[in-house]
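Numbering (our numbering), first residue to last: 2 to 121.
We put the beta carbon where it would ideally sit given N, CA and C, even for glycine.
Quantities reported herein were computed from a predicted structural model and do not represent experimental measurements.
Taking it in order: structure first as structure tokens, then the write-up.
Spelled out as structure tokens, the structure:
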């Protein structure tokens with residue numbers, strides 16, 4: 002019981018810090034070219050939400066990430082997974098198709114995941 006309270010507290014602290022980082026990033030213009038830092042903060046926050054099963058929040062954050070860095074493969078993959086978790090087949094399919102337009106190497110697990118979901 003005590004450990005789970007510690008976990009909840011630490012998780013909330015992480016969420017608070019990432020929200021602060023997103024506020025800072027949103028005050029700046031979107032990057033030109035490659036992401037800086039390597040993991041965009043909105044994508045990181047979305048992945049945290051996805052891991053916690055908060056699919057609606059994850060989908061919203063992946064959408065922001067994709068507005069700032071269009072066609073970023075990891076954000077497309079995360080968006081597909083979050084829509085899949087929301088049982089939104091149309092959006093999940095659209096995101097997986099967008100991912101396949103960017104990545105096509107079957108040796109990559111994300112490509113295989115997309116193809117399996119889409120029935121290829």
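I need the straight-line Cα distance from residue 58 to residue 100, nearest angstrom please.
20 Å
Check whether the Cβ atoms of residue 19 and residue 46 sit closer than 8 Å, and answer yes or no.
yes
Quick one: using the 10 Å Cβ neighbour count with 16 as the cut-off for buried, is residue 90 buried or exposed?
exposed
Let me know the secondary structure DSSP gives residue 87 once reduced to three states.
Reduced to three states, the DSSP call for residue 87 is coil.
Under the rule that 16 or more other beta-carbon atoms within 10 Å means buried, what is residue 120, buried or exposed?
exposed
Alpha carbon to alpha carbon, how far is residue 117 from residue 86? Give it in angstroms, no decimals.
The C-alpha of residue 86 lies about 16 Å from the C-alpha of residue 117.
I'd like to check one pair, residue 56 with residue 83: are the Cβ atoms closer than 8 Å?
Yes, these two residues count as a Cβ contact at 8 Å.
Might you give, ordered along the chain, the residues of its own chain that have their beta carbon closer than 8 Å to the beta carbon of residue 113, omitting 5 neighbours on each side?
107
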